[in-house]
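A.B. asks: Order-wise, the sequence lines are chains A and B.
This note's numbering puts the first sequence at residues 1 to 331.
This note's numbering puts the second sequence at residues 1001 to 1311.
Backbone N, C-alpha and C define an ideal beta-carbon position, used for all residues, glycine too.
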Amino acid sequence: MSEVALRNVSKWFGRTLAVDNVTLSIPDGAFVVLLGPTGAGKTTVLRLISGLERSDAGDILIDGRSVAADTPARRNVAMVFQQYSLYPHLSVRDNLAFPLRSPILRTPEDEIARKIRHIAEVLHIEHKLDNRATELSGGEMQRVSIGRALVREPAIYLMDEPLSSLDAKLRAELRVELKRIQSDLGATVLYVTHDQIEAMTMATHVGVLDQGRLVQFGSPREIYEAPVSLYVAGRLGLPRINTLPAEIFAGAPKGARTIGLRPEHIETGAGRSTKVMRVEHLGDQTRLHLRLDGHDIVTLRNGGREPEPGETIEIHPRNPLYFDASGQRIA
Amino acid sequence: MSNSITEPTPRQKWVAGILVVGYALVTILPLIWILTTGFKTPADAIAYPPKVIFEPSLEGYVNLFTTRTRQTQEFLAAHPPQTWYEEIVRKYDMVIVGPSRYGERFLNSVIIGFGSTFLSVFLGTLAAYAFSRFKVPLKDDLLFFILSTRMMPPIAVAIPIFLMFRSLGLSDTHLGMILLYTAVNISLAVWLLKGFIDEIPREYEEAALIDGYTRFQAFYKVVLPQAATGIASTAIFCLIFAWNEYAFAALLTSGTAQTAPPFIPTIIGVGGQDWPAVAAGATVFLVPVMVFTIILRKHLLRGITFGAVRK
Chain A
1 MSEVALRNVS KWFGRTLAVD NVTLSIPDGA FVVLLGPTGA GKTTVLRLIS
51 GLERSDAGDI LIDGRSVAAD TPARRNVAMV FQQYSLYPHL SVRDNLAFPL
101 RSPILRTPED EIARKIRHIA EVLHIEHKLD NRATELSGGE MQRVSIGRAL
151 VREPAIYLMD EPLSSLDAKL RAELRVELKR IQSDLGATVL YVTHDQIEAM
201 TMATHVGVLD QGRLVQFGSP REIYEAPVSL YVAGRLGLPR INTLPAEIFA
251 GAPKGARTIG LRPEHIETGA GRSTKVMRVE HLGDQTRLHL RLDGHDIVTL
301 RNGGREPEPG ETIEIHPRNP LYFDASGQRI A
Chain B
1001 MSNSITEPTP RQKWVAGILV VGYALVTILP LIWILTTGFK TPADAIAYPP
1051 KVIFEPSLEG YVNLFTTRTR QTQEFLAAHP PQTWYEEIVR KYDMVIVGPS
1101 RYGERFLNSV IIGFGSTFLS VFLGTLAAYA FSRFKVPLKD DLLFFILSTR
1151 MMPPIAVAIP IFLMFRSLGL SDTHLGMILL YTAVNISLAV WLLKGFIDEI
1201 PREYEEAALI DGYTRFQAFY KVVLPQAATG IASTAIFCLI FAWNEYAFAA
1251 LLTSGTAQTA PPFIPTIIGV GGQDWPAVAA GATVFLVPVM VFTIILRKHL
1301 LRGITFGAVR K
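(1) Determine, for TYR1129 of chain B, whether the minimum Cβ-Cβ distance to residues of chain A falls below 8 Å.
(2) Taking 8 Å as the CB-CB cut-off, is ALA1308 of chain B touching chain A?
(3) GLY1230 of chain B CB to nearest chain A CB: under 8 Å?
(4) Considering only their Cβ atoms, is the gap separating LEU1239 of chain B from VAL1289 of chain B smaller than 8 Å?
(5) Can you tell me the Cα-Cα spacing of SER165 of chain A and ILE197 of chain A, whole angstroms?
(6) Under a CB-based cut-off of 8 Å, is LEU1296 of chain B close to chain A?
(7) So, does the segment 287–299 of chain A touch the segment 261–272 of chain A, judging by three or more C-beta pairs under 8 Å?
(8) Buried or exposed for VAL1089 of chain B, going by 16 or more other Cβ atoms inside 10 Å?
(9) Please identify, using Cβ separations under 9 Å, the residues of the segment 1195–1208 of chain B that lie next to chain A, in order along the chain.
(10) Please classify MET159 of chain A as buried or exposed, where buried requires at least 16 neighbouring CB atoms within 10 angstroms.
(11) Helix, strand or coil, according to DSSP, for ARG278 of chain A in the structure here?
(12) For a test of the three-state rule: what should DSSP assign to PHE1306 of chain B, helix, strand or coil?
(13) To be precise: take each residue of the segment 55–79 of chain A, compare its Cβ to all Cβ atoms of chain B, and keep it if any distance is under 9 Å. Which residues remain?
(14) Of the residues B:LEU1209, B:ASP1274, B:LEU1025, which one's Cα is nearest the Cα of THR71 of chain A?
(15) Would you mind telling me which residues of chain A sit closer than 9 Å to THR1214 of chain B, beta carbon to beta carbon, in chain order?
(16) Verify whether the separation of the beta carbon atoms of ARG318 of chain A and VAL228 of chain A is less than 8 Å.
(17) Can you confirm whether PRO1335 of chain B, when its beta carbon is compared against all beta carbons of chain A, has any partner nearer than 8 Å?
(18) By DSSP, does ASP1141 of chain B sit in helix, in strand, or in coil?
(19) Let me see if you follow: with CB-CB separation under 8 Å, is HIS89 of chain A close to chain B or not?
(20) From this set, A:ALA120, A:LYS179, A:TYR87, A:LYS275, which residue's C-alpha is nearest GLY29 of chain A's C-alpha?
(21) Tell me which residues share the same chain as SER85 of chain A and place their Cβ nearer than 7 Å to its Cβ, disregarding the 5 neighbours each side in the sequence.
(22) Below 8 Å on the Cβ atoms is my contact criterion, and I expect LEU163 of chain A with ARG175 of chain A to pass it. Report the Cβ-Cβ distance as a whole number of Å.
(23) Against VAL1136 of chain B, what residues of chain A qualify as contacts under a CB-to-CB distance less than 7 Å, listed in chain order?
(24) Under a Cβ-count criterion, where at least 16 other Cβ atoms within 10 Å of its own Cβ denotes burial, should GLN1226 of chain B be classed as buried or exposed?
(25) Please report how far the alpha carbon of SER25 of chain A lies from the alpha carbon of ASP284 of chain A, in whole angstroms.
(26) Cα-Cα, which of A:PRO27, A:ASN8, A:PRO37, A:GLY64 is closest to LEU48 of chain A?
(27) For a cutoff of 8 Å on Cβ pairs, would you count THR1305 of chain B as touching chain A?
(28) Helix, strand or coil, according to DSSP, for GLN1258 of chain B in the structure here?
(29) How is HIS1185 of chain B classed by DSSP in three states: helix, strand or coil?
(30) Under the rule that 16 or more other beta-carbon atoms within 10 Å means buried, what is GLU1074 of chain B, buried or exposed?
(31) At 7 Å on the CB atoms, spell out the chain B contacts of PHE98 of chain A, in chain order.
(32) Counting only Cβ pairs nearer than 8 Å, list the residues of chain B close to LEU52 of chain A.
(33) Indicate whether LEU16 of chain A and VAL192 of chain A have their beta-carbon atoms separated by less than 8 Å.
(34) Would you call the CB atoms of ASP56 of chain A and GLN211 of chain A closer than 8 Å?
(35) Against PHE81 of chain A, what residues of chain B qualify as contacts under a CB-to-CB distance less than 7 Å, listed in chain order?
(36) Kindly list, in the order they appear in chain B, the residues whose Cβ is closer than 7 Å to that of SER85 of chain A.
Spelled out as structure tokens, the structure:
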């Protein structure tokens, strides 16, 4: 496993700047999650590191060596695609063996057999090894596809929303499994996802992309608790951060245009009166939909009596986030 | 038992079945006629009204593969027939003097037909892959140009090709005919195969590139096996064209490289109206294409390669 670094990397697709001057360092053994909406450049960053795309500017280093001119094969990276991309004409076993048999690795057959047995056990696909790749369910295909990356010991694993197509139960299972495998191997992983739970639970570092620019890079806690902008703040948190005009509560710092309130920033019992519009019971939590001066606020009930819809409750902010007119955080 | 609305009723199945069988009979009748004529005697073959029930004879096949001459009674008496096929020709006071030219014409057809098919499919696959995957300048214009070579009947350029072949020394050569049929077939091959390769998701090659393979290895190990269906059907189309082509073969070949199609009609001129020999020649001529199609048939089953990429 190795350290991977991007230095001022840019990539154009026609007239669109897909990746804008990104500098990013992925430490050895780190699990880095890239967040951002569709089109933010997350997948392009993966493809640039893998060599499937060539950058228009900047340099990419693996273990301190520039790989910008290398073919994907010579970069020694493994990638799990969002689409499973199993080779349909091969059996599961041959799919897993495919990277090991490549002219770069040329693994002896007995070692291939040993590695496949091990990976199949880890991913619970031992009984499917002799099936054709097309005879698997979606979850099995994705596990094989992850397995095809894990049989190797590459410089970095690149994973493009590998769990997004699975059902909730399998996703939760594989999430735990992936994290366990990653820490066991000490593997370096760059992982693209939309899923907040995946980001929060698996990542050692989170990078947030906005229109090709890396706007913040830090630990999941840092990204959640100290976002640099309104945009970053909106990436994490369920229910999403509430954004209101700053002057709606007293005490906004100078220059603040927007106040950002996560559920834990909202204290009840004193302050401004809001009307309870709706109460949602999600099982483990209860969401309150409030209305204040024509603005909707979603928060969680934290103890106390459960209010009824139509009731009025008082709220005030506690340690909220303040943003200026351009969306940058000022306090 | 009730049927789902997308499934035909038993009655509809019967009607469809009768239509299909009826149509098959109509189209297969000429073939059956040729097949049976090959086993008739020349007299039965021209009998009127036509004989449907007849005594089978191998005369047509013997005549197809041999050349014969008429001999005097003294000669025939001095040389009794040694084999069953010599026996057959004795009925007409003839003896076999050697093999006919059918064998070598047939071999020419095999060399030229399969040679040009291989070349068309080989070049066609590479070109189709390039058109499908790479940024080729003027791609659409080039593809249109390639297709435009099929917009006129090939025979329209017969005279220029005849003159070209003569000055290049390609007339009546195997190479000349292979190149010619390849030139005609390659546009079909490129277009057909491009369609098939377009349908193979790029993700497979990208996965192979990352798995440690070069682009050519990815093409060979991942794209080719999945294009097998397309390659097989393209090969069948190319072979059928090259195999059956008559006009150019008649024009450009006469001896060493003559293929079977222009040769078969000439059989009739050797020793009277020998329809059974012509029919036998046509029957034997059908065999390779049939065998080839049957061998490749299993690749024509689509669907085995679909469904491993989530769309």
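C.D. replies: Taking the structure as given:
(1) no
(2) Its pLDDT being 43, under 50, ALA1308 of chain B is placed unreliably by the model, and the measurement read from it follows with that caveat. Closer than 8 Å to some Cβ of chain A, the Cβ of ALA1308 of chain B qualifies, so yes.
(3) no
(4) yes
(5) 15 Å
(6) no
(7) yes
(8) buried
(9) PRO1201, GLU1203, TYR1204, GLU1206, ALA1207, ALA1208
(10) buried
(11) strand
(12) Legend: pLDDT at PHE1306 of chain B = 44, less than 50; position of this residue unreliable, value from coordinates given subsequently. Reduced to three states, the DSSP call for PHE1306 of chain B is coil.
(13) THR71, PRO72, ALA73, ARG74, ARG75, ASN76, VAL77, ALA78, MET79
(14) B:LEU1209
(15) THR71, ALA73, PRO103
(16) no
(17) This structure leaves residue 1335 of chain B out entirely; chain B is present only between 1001 and 1311.
(18) helix
(19) yes
(20) A:LYS179
(21) SER145
(22) 6 Å
(23) Correct list: empty, because the minimum Cβ distance to chain A is about 18 Å.
(24) buried
(25) 37 Å
(26) A:ASN8
(27) Since pLDDT at THR1305 of chain B reaches only 46, below the 50 mark, its modelled position is unreliable, and no value is offered.
(28) coil
(29) Sequence inspection shows Asn at residue 1185 of chain B; the His mentioned does not correspond to that position. Note: ASN1185 of chain B maps to helix in three-state DSSP.
(30) exposed
(31) ASP1211
(32) GLU1206, LEU1209, ILE1210
(33) Residue identity differs from the one stated: residue 16 of chain A is Thr in this sequence, not Leu. The answer is no: Cβ separation not under 8 Å.
(34) no
(35) GLU1203, ALA1207
(36) GLU1203, TYR1204, ALA1207, VAL1309
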